[in-house]
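Everything on this sheet refers to the single structure shown next.
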Amino acid sequence: MITTPYIEVKNLSLSLEGAEILKDVSFSLEKGKFLAIIGPNGAGKSSLLKCMGRLYRDFSGDISLDGRLVSLMKAKEIARKISWVHQSEPSFLSFTVREFAKMSRYPWQRSLGNETKEDVEIVDRALSVASVQHIADRELNTLSGGERQKALIAAALAQGTEILFLDEPTSFLDYKHQVETLELIKQINKEEKMTILLVTHDINLALHGADEILAIKLGKLRWKGDSNALLSNGVLESIFDTTFQSFTTEKQKFPYVAPKGMIF
Amino acid sequence: MVPVSVLTRAGKDSGLYNILWDLRVPRVLLGWAVGSTLAISGMIFQALFRNSLASPDMLGVSTGAACGAVLYIRMGFAFSVFNVIPGLSLFAFIGALIATSAIYIAGNIRRGGMSEATLLLAGIAMSFLFASINMIMQFGSGFVDSFRMMRWSMGGLQAVGYSDLYLMFPALIGIFLIAYIRAPELNLFVCGEDIAASRGVSVNSLKRLLFVVVSLVVGVAVSICGPIGFVGLMVPHICRKLVGTDHRRLTIASAIFGGTFLVLCDTASRTFWAPTEVPVGVLTSCLGSIFFLLLLLYGKK
Numbered sequence: 126m127i128t129t130p131y132i133e134v135k136n137l138s139l140s141l142e143g144a145e146i147l148k149d150v151s152f153s154l155e156k157g158k159f160l161a162i163i164g165p166n167g168a169g170k171s172s173l174l175k176c177m178g179r180l181y182r183d184f185s186g187d188i189s190l191d192g193r194l195v196s197l198m199k200a201k202e203i204a205r206k207i208s209w210v211h212q213s214e215p216s217f218l219s220f221t222v223r224e225f226a227k228m229s230r231y232p233w234q235r236s237l238g239n240e241t242k243e244d245v246e247i248v249d250r251a252l253s254v255a256s257v258q259h260i261a262d263r264e265l266n267t268l269s270g271g272e273r274q275k276a277l278i279a280a281a282l283a284q285g286t287e288i289l290f291l292d293e294p295t296s297f298l299d300y301k302h303q304v305e306t307l308e309l310i311k312q313i314n315k316e317e318k319m320t321i322l323l324v325t326h327d328i329n330l331a332l333h334g335a336d337e338i339l340a341i342k343l344g345k346l347r348w349k350g351d352s353n354a355l356l357s358n359g360v361l362e363s364i365f366d367t368t369f370q371s372f373t374t375e376k377q378k379f380p381y382v383a384p385k386g387m388i389f
Numbered sequence: 026m027v028p029v030s031v032l033t034r035a036g037k038d039s040g041l042y043n044i045l046w047d048l049r050v051p052r053v054l055l056g057w058a059v060g061s062t063l064a065i066s067g068m069i070f071q072a073l074f075r076n077s078l079a080s081p082d083m084l085g086v087s088t089g090a091a092c093g094a095v096l097y098i099r100m101g102f103a104f105s106v107f108n109v110i111p112g113l114s115l116f117a118f119i120g121a122l123i124a125t126s127a128i129y130i131a132g133n134i135r136r137g138g139m140s141e142a143t144l145l146l147a148g149i150a151m152s153f154l155f156a157s158i159n160m161i162m163q164f165g166s167g168f169v170d171s172f173r174m175m176r177w178s179m180g181g182l183q184a185v186g187y188s189d190l191y192l193m194f195p196a197l198i199g200i201f202l203i204a205y206i207r208a209p210e211l212n213l214f215v216c217g218e219d220i221a222a223s224r225g226v227s228v229n230s231l232k233r234l235l236f237v238v239v240s241l242v243v244g245v246a247v248s249i250c251g252p253i254g255f256v257g258l259m260v261p262h263i264c265r266k267l268v269g270t271d272h273r274r275l276t277i278a279s280a281i282f283g284g285t286f287l288v289l290c291d292t293a294s295r296t297f298w299a300p301t302e303v304p305v306g307v308l309t310s311c312l313g314s315i316f317f318l319l320l321l322l323y324g325k326k
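Here it is in structure tokens:
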């Protein structure tokens with residue numbers, strides 16, 4: 126019996142204003158996996174995610190979720206499958222953490238319907254999973270970067286989807302919050318059983334968090350494998366065009382990787 | 026004190042009865058409907074452009090309408106449609122429609138849907154174009170026509186009878202219902218287009234719908250009353266301070282506050298310099314500009 130993959134991307138290409146952003150990308154992913162998409166700046170990582178969530182519509186090729194083509198799904202139907210944590214952009218978010226999380230119930234609500242008891246329970250649970258209950262009534266724009274990232278993850282959880290997309294979730298965070306955010310994402314993957322797709326240029330985040338890793342460079346799928354394979358000779362160098370050094374400690378499963386140019 | 030009999034048919038013979046029911050009441054109702062409509066429209070535009078300084082005035086609706094009105098006066102027309110819609114209003118409305126369709130088309134020609142920056146820039150360019158056409162027509166007009174044109178561009182609520190209300194109230198009800206029903210989408214929209222889209226809002230069709238409906242109802246308001254500046258900018262701002270960012274509450278607050286504000290301004294403009302009547306647009310613009318400057322100086326960053 127041939128089973129269709131949970132998420133499947135076939136021959137995906139994208140051009141924006143005449144520039145080729147993605148060229149013939151194909152891959153598939155099983156349900157419940159944690160996939161990290163790595164690559165240098167401007168490689169097309171975020172664009173890949175945006176095509177899959179249909180925030181970009183003018184792509185060619187087929188993307189399917191659970192056997193259905195996203196190009197045939199309505200915006201609300203996709204929003205019941207995929208939730209997002211976008212790259213943080215400053216905007217006038219004078220909503221509180223709880224209000225913002227409640228707004229994520231939109232794809233499940235009728236246009237003039239009130240929130241149901243179920244909505245309230247799901248939001249409460251999302252806030253507790255992301256441990257942001259203590260700041261639930263604070264406005265998002267008064268939070269620190271780390272707190273805000275957790276609040277945005279809580280809002281994504283409140284959307285009640287099977288798949289979570291994260292775009293550079295740790296890029297602007299300090300070390301403590303990088304660690305906490307990665308722990309939270311792993312926990313969501315393991316305990317909430319959500320399929321995770323995460324875009325990052327941080328090799329260590331991919332190495333220590335993901336089940337599978339995909340490397341994009343100049344719009345093309347350059348490499349696919351797991352953490353072990355990523356560490357084999359020449360792989361990282363060919364993706365990022367610079368040389369790397371690994372640091373191993375006894376306890377860790379995988380080493381910590383840093384570019385040689387940054388080690389003095 | 027005004028005698029109670031003025032309110033009833035018993036006083037029908039007195040001039041006061043006629044002044045009240047044929048002039049004052051329709052004027053207050055019209056002022057209220059126009060104020061509410063402009064305020065809700067402003068609220069929607071500020072959400073749509075994610076810019077608290079956006080208002081429908083910016084998108085050439087007013088200058089387009091003025092162009093239509095000026096053309097009507099320049100050509101020396103004097104007619105009304107079915108004795109209900111004055112020709113001047115009709116021309117103003119057509120002018121507003123032409124201006125907004127031009128902007129809509131300009132905003133849609135570029136691929137990837139309507140970008141806010143393109144729309145705003147196209148709106149500003151269109152405003153200047155129409156303003157220059159207005160000036161050419163005014164320049165070539167006689168003294169009387171020229172005065173009428175200028176007077177129109179100051180905006181005013183000269184309601185006689187109820188015919189204007191038949192147009193204005195449906196516009197108000199329409200914009201209120203759309204804002205109220207679409208409030209959850211507006212809430213998501215102000216958080217960012219990506220956030221709205223990833224929560225399942227059809228961003229492009231929402232933008233189109235709101236742009237078209239706001240242009241239409243503001244077109245109706247402007248064609249009846251001339252341009253009345255700053256209500257659409259100021260009222261949603263104050264309401265946001267009072268009730269927060271939730272657009273369902275904000276819609277109700279803008280409707281109440283916008284209507285009340287314009288009626289009060291109109292009463293003031295009618296009585297302060299009585300028997301001379303200062304155009305209400307002058308008063309709202311004056312208050313609005315001061316408010317705007319204070320906002321820039323002391324507003325939250």
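Those protein sequence lines, which keep their order, are chains A and B. Here the first sequence stands for residues 126 to 389, numbered as in the numbering used here. Here the second sequence stands for residues 26 to 326, numbered as in the numbering used here. Virtual Cβ for every residue (Gly too), placed ideally from N, Cα, C.
Whole-angstrom Cβ separation of residue i and residue j, contact assumed at under 8 Å?
{"i": "Val86(B)", "j": "Val247(B)", "result": "6 Å"}
{"i": "Ala117(B)", "j": "Ala94(B)", "result": "4 Å"}
{"i": "Met174(B)", "j": "Ile98(B)", "result": "5 Å"}
{"i": "Leu173(A)", "j": "Leu147(A)", "result": "6 Å"}
{"i": "Ala261(A)", "j": "Val210(A)", "result": "Not a contact, Cβ separation roughly 18 Å."}
{"i": "Ala91(B)", "j": "Gly120(B)", "result": "7 Å"}
{"i": "Ala331(A)", "j": "Ile132(A)", "result": "Actually they do not touch by this definition, with Cβ atoms about 18 Å apart."}
{"i": "Leu145(B)", "j": "Met83(B)", "result": "7 Å"}
{"i": "Ser240(B)", "j": "Thr125(B)", "result": "4 Å"}
Measure the Cβ-Cβ separation of residue i and residue j and say whether it is below 8 Å.
{"i": "Ala168(A)", "j": "Leu343(A)", "result": "yes"}
{"i": "Thr320(A)", "j": "Ile278(A)", "result": "no"}
{"i": "Ser208(A)", "j": "Ala281(A)", "result": "yes"}
{"i": "Gln312(A)", "j": "Ala204(A)", "result": "no"}
{"i": "Leu323(A)", "j": "Leu291(A)", "result": "yes"}
{"i": "Asn329(A)", "j": "Phe159(A)", "result": "no"}
{"i": "Leu320(B)", "j": "His262(B)", "result": "yes"}
{"i": "Thr129(A)", "j": "Gly192(A)", "result": "yes"}
{"i": "Pro384(A)", "j": "Ser371(A)", "result": "no"}
Kindly indicate if chain A contains any beta-carbon less than 8 Å away from that of residue i.
{"i": "Asn108(B)", "result": "no"}
{"i": "Cys216(B)", "result": "yes"}
{"i": "Arg224(B)", "result": "yes"}
{"i": "Asp219(B)", "result": "yes"}
{"i": "Thr285(B)", "result": "no"}
{"i": "Ile206(B)", "result": "yes"}
{"i": "Thr143(B)", "result": "no"}
{"i": "Ser61(B)", "result": "no"}
{"i": "Thr125(B)", "result": "no"}
{"i": "Pro209(B)", "result": "yes"}
{"i": "Leu275(B)", "result": "no"}
Kindly indicate if chain B contains any beta-carbon less than 8 Å away from that of residue i.
{"i": "Ser208(A)", "result": "yes"}
{"i": "Gln284(A)", "result": "yes"}
{"i": "Pro232(A)", "result": "yes"}
{"i": "Gly259(A)", "result": "Checking the sequence, you will find His at residue 259(A) rather than Gly. His259(A) does not count as touching chain B."}
{"i": "Ser219(A)", "result": "yes"}
{"i": "Lys275(A)", "result": "no"}
{"i": "Ala204(A)", "result": "yes"}
{"i": "Gly169(A)", "result": "no"}
{"i": "Ala226(A)", "result": "no"}
{"i": "Ser196(A)", "result": "no"}
Using alpha carbons as the reference points, say which of the options lies closest to residue i.
{"i": "Cys290(B)", "options": "Ser230(B), Gly306(B), Met175(B)", "result": "Gly306(B)"}
{"i": "Gln163(B)", "options": "Gly148(B), Trp177(B), Ala204(B)", "result": "Trp177(B)"}
{"i": "Trp46(B)", "options": "Ser223(B), Gly186(B), Val237(B)", "result": "Gly186(B)"}
{"i": "Tyr191(B)", "options": "Pro51(B), Ala142(B), Ser171(B), Cys264(B)", "result": "Pro51(B)"}
{"i": "Val260(B)", "options": "Ile44(B), Tyr42(B), Pro81(B), Gly40(B)", "result": "Pro81(B)"}
{"i": "Arg207(B)", "options": "Ser223(B), Ala222(B), Leu235(B)", "result": "Leu235(B)"}
{"i": "Pro232(A)", "options": "Gln258(A), Ser219(A), Val257(A), Ala200(A)", "result": "Ala200(A)"}
{"i": "Ser140(A)", "options": "Phe372(A), Asn329(A), Asp183(A), Gly334(A)", "result": "Asp183(A)"}
{"i": "Lys301(A)", "options": "Ser269(A), Thr367(A), Trp348(A)", "result": "Ser269(A)"}
{"i": "Leu309(A)", "options": "Val254(A), Thr267(A), Ser357(A)", "result": "Val254(A)"}
{"i": "Gly167(B)", "options": "Met100(B), Val268(B), Ser310(B), Ile277(B)", "result": "Met100(B)"}
Which same chain residues, not among the five before or five after residue i, have their C-beta less than 7 Å away from its C-beta?
{"i": "Val288(B)", "result": "Val53, Gly56, Trp57, Gly60"}
{"i": "Phe365(A)", "result": "Pro165"}
Take residue i and list the residues in its own chain whose beta-carbon comes closer than 8 Å to its own, dropping the five residues that flank it on each side.
{"i": "Thr306(A)", "result": "Gly271, Gln274, Lys275, Ile278, Pro294, Thr295, Leu298"}
{"i": "Leu63(B)", "result": "Pro81, Val243, Ala246, Ile253, Val256, Gly257, Val260, Gly283, Leu287"}
Among the residues of its own chain, which have a CB less than 6 Å from the CB of residue i, if the five just before and after it don't count?
{"i": "Ile203(B)", "result": "Val238"}
{"i": "Lys227(A)", "result": "Val248"}
{"i": "Leu355(A)", "result": "Ile338"}
Hey, would you say the C-beta of residue i is under 7 Å away from at least one heavy atom of the ligand NAD?
{"i": "Val257(A)", "result": "No copy of the ligand NAD appears in this structure; indeed no ligand is present at all."}
Of all the residues that make up the segment 243 to 273 of chain A, which are near chain E by a beta-carbon distance shorter than 7 Å?
You won't find chain E in this structure, because its protein chains are A and B.
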